[in-house]
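Report on one structure; see the data block that follows.
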Amino acid sequence: MSLTADATILRNIGNDVVKSTVAIAVKTVLITVYSVLVIKAGAILLGTGM
Numbered sequence: 379m380s381l382t383a384d385a386t387i388l389r390n391i392g393n394d395v396v397k398s399t400v401a402i403a404v405k406t407v408l409i410t411v412y413s414v415l416v417i418k419a420g421a422i423l424l425g426t427g428m
């Protein structure tokens, strides 16, 4: 393989790593927010009013 092809492959791998990391971070934040909302809703329904 040529040097340019290797550089292109490495750039694509780097872009995929960045996209995957951002996707995981966003998913983690959304799961955290959802969990907090579920806990708050449960507290309201049970009458503990956290």
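In terms of our numbering, the sequence shown is numbered consecutively and its last residue is 428.
Glycine included, every Cβ here is placed at the ideal spot set by N, Cα and C.
Just so we're clear, the structure is a prediction, and the values are computed from it rather than from any experiment.
Terminal residues of the alpha helix (DSSP H) in which T399 lies: As a working note, residue 399 is residue 21 in the sequence shown. In the DSSP annotation of this structure, the continuous segment of the alpha helix (DSSP H) that includes T399 starts and ends at 381 to 424.
CA-to-CA distance, I402 to G420, given in whole angstroms: In the sequence shown, the residue the question calls residue 420 occupies position 42. In the sequence shown, the residue the question calls residue 402 occupies position 24. Looking at the two C-alpha atoms, the distance is approximately 27 Å.
Alpha-carbon to alpha-carbon, A385 and T410: Counted from its first residue, the sequence shown places residue 410 at position 32. Counted from its first residue, the sequence shown places residue 385 at position 7. Approximately 38 Å between the Cα atoms of the pair.
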